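> Residue numbers (this note's numbering): 1 to 178. Don't be surprised by glycine CBs; every beta carbon is placed ideally from N, CA and C. Owing to the predicted nature of the structure, the values given are computational and were not obtained by experimental measurement.
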Amino acid sequence: MRIGTIVRATGLLLMLLTTGSNACPTSGLTSATHCLVACVADANPHSIENAPLSLSSASLSSTSPDDGKSTIDVIIQNFSFIPASIVVSPGDVVRWTNLDAIGHTSTHLTLAAPLWDSGLLEQDQSFSHAFSDLGVFDYFCGPHGSSMLGTVTVAVPEPATIALASLAVAVLARRRQR
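Pasting the structure below:
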């Protein structure tokens with residue numbers, strides 16, 4: 001099992017978990033991203049703590065169509081968006097997947113008409129939205145309001161900045177679990 005592989009895709013560095021089997025030993029999920037979230041959230045002994053970080057040019061665990069655009073996963077678990085803040089490139093798709101037993105939404109936070117509203121997502125349901133305009137887009141969960149917030153920043157990434165930010169997020173996530 002190799003855990004904590006850092007992956008560069010579309011100029012965006014993401015930390016992913018790769019296992020030698022078809023499913024995560026913690027969550028049973030087949031998505032590497034979901035498995036990483038489950039391991040970090042549960043502070044499982046097979047998590048990041050026990051494996052070396054390495055650089056790889058492998059593709060994102062989620063889809064990466066031929067047009068160079070990526071699908072970035074945000075997990076809804078324990079009344080949180082994980083990660084709560086992401087940076088994507090124009091044209092990328094963000095997919096929110098609810099792993100909680102209770103319903104949640106991903107709704108653009110704005111005074112005008114929202115750019116997106118997932119509607120109520122039940123457990124294991126997903127919703128995707130493509131981001132084309134540059135900017136910072138805050139969002140929230142309709143039923144849970146200000147206690148569940150997230151941000152999508154759409155920018156043309158600078159590889160060195162993204163690498164540093166990704167490493168900082170990984171270190172902070174690791175420290176929170178101690």
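When you compare only the Cα positions, how much space is there between residue 70 and residue 178?
The sequence position of residue 70 within the sequence shown is 70, counting from 1. The sequence position of residue 178 within the sequence shown is 178, counting from 1. Roughly 32 Å separates the two Cα atoms.
> Could you tell me whether the stretch 90-101 touches the stretch 116-128, using the rule of 3 or more Cβ pairs below 8 Å?
Cβ pair count under 8 Å is three or more, so yes.
> To the nearest angstrom, how far is the alpha carbon of residue 80 from that of residue 108?
Position 80 of the sequence shown, counting from 1, holds the residue named residue 80. Position 108 of the sequence shown, counting from 1, holds the residue named residue 108. Spanning the two alpha carbons is a distance of roughly 16 Å.
> Inspect the beta-carbon positions of residue 150 and residue 106 and report whether they are closer than 9 Å.
The residue given as residue 150 occupies position 150 in the sequence shown. The residue given as residue 106 occupies position 106 in the sequence shown. A contact, by the Cβ cut-off of 9 Å.
> Between which two residues does the beta strand (DSSP E) containing residue 149 stretch?
The residue given as residue 149 occupies position 149 in the sequence shown. Element bounds for residue 149: 145-154.
> Compare the Cα-Cα distances from residue 181 to each of 134, 135 and 140 and report the closest residue.
Residue 181 falls outside the range modelled here, since the chain spans only 1 to 178, and no answer is possible.
> Helix, strand or coil for residue 130? Go by DSSP, reduced to three states.
Reading the sequence shown from its first residue, position 130 is the one you call residue 130. Here residue 130 carries a strand assignment [DSSP, helix/strand/coil].
> Would you call the CB atoms of residue 136 and residue 152 closer than 9 Å?
Taking the first residue of the sequence shown as position 1, residue 136 is located at position 136. Taking the first residue of the sequence shown as position 1, residue 152 is located at position 152. Cβ atoms of residue 136 and residue 152: closer than 9 Å.
> Which residues in the same chain as residue 41 place their Cβ atom closer than 7 Å to its Cβ, once the five residues preceding and following it in sequence are excluded?
On the sequence shown, position 41 is the one that residue 41 refers to. Below a pLDDT of 50, predicted positions are generally treated as unreliable, and residue 41, at 40, falls in that range; no measurement from the model is reported.
> Buried or exposed: residue 133, going by 16 or more other Cβ atoms within 10 Å of its Cβ?
The sequence position of residue 133 within the sequence shown is 133, counting from 1. With fewer than 16 other Cβ atoms within 10 Å, it is exposed.
> Buried or exposed for residue 87, please, with buried defined as at least 16 other CB atoms from any protein chain shown within 10 angstroms of its CB.
On the sequence shown, residue 87 is found 87 positions in, with the first residue counted as 1. Counting Cβ neighbours within 10 Å, residue 87 comes out buried, since at least 16 surround it.
> Give the DSSP-derived three-state secondary structure of residue 121 in the structure shown.
Walking along the sequence shown from the start, residue 121 turns up at place 121. Strand at residue 121.
> Kindly give me the distance between the Cβ atoms of residue 72 and residue 82, rounded to whole angstroms, as I take these residues to be in contact under 8 Å.
By one-based count along the sequence shown, residue 72 stands at place 72. By one-based count along the sequence shown, residue 82 stands at place 82. The Cβ separation is near 12 Å, so there is no contact.
> If you check the beta carbons only, do residue 131 and residue 96 fall under 9 Å apart?
For the purposes of this step, residue 131 is identified with residue 131 of the sequence shown, where counting begins at 1. For the purposes of this step, residue 96 is identified with residue 96 of the sequence shown, where counting begins at 1. Against a cut-off of 9 Å, the Cβ pair of residue 96 and residue 131 comes out as no contact.
> With 16 as the cutoff for other CB atoms within 10 Å, does residue 84 come out buried or exposed?
Counting from one through the sequence shown, the residue named residue 84 turns up at place 84. Under this definition residue 84 is an exposed residue.
> Hey, would you say residue 169 sits closer than 9 Å to residue 92, going by beta carbons?
Your numbering for residue 169 matches position 169 in the sequence shown. Your numbering for residue 92 matches position 92 in the sequence shown. Going by C-beta atoms, residue 169 is not nearer than 9 Å to residue 92.
> Please check the pair residue 144 and residue 94, which I expect to be a contact at CB under 8 Å, by giving their CB distance rounded to whole angstroms.
Position 144 of the sequence shown, counting from 1, holds the residue named residue 144. Position 94 of the sequence shown, counting from 1, holds the residue named residue 94. The pair is not a contact, with the Cβ atoms about 19 Å apart (cut-off 8 Å).
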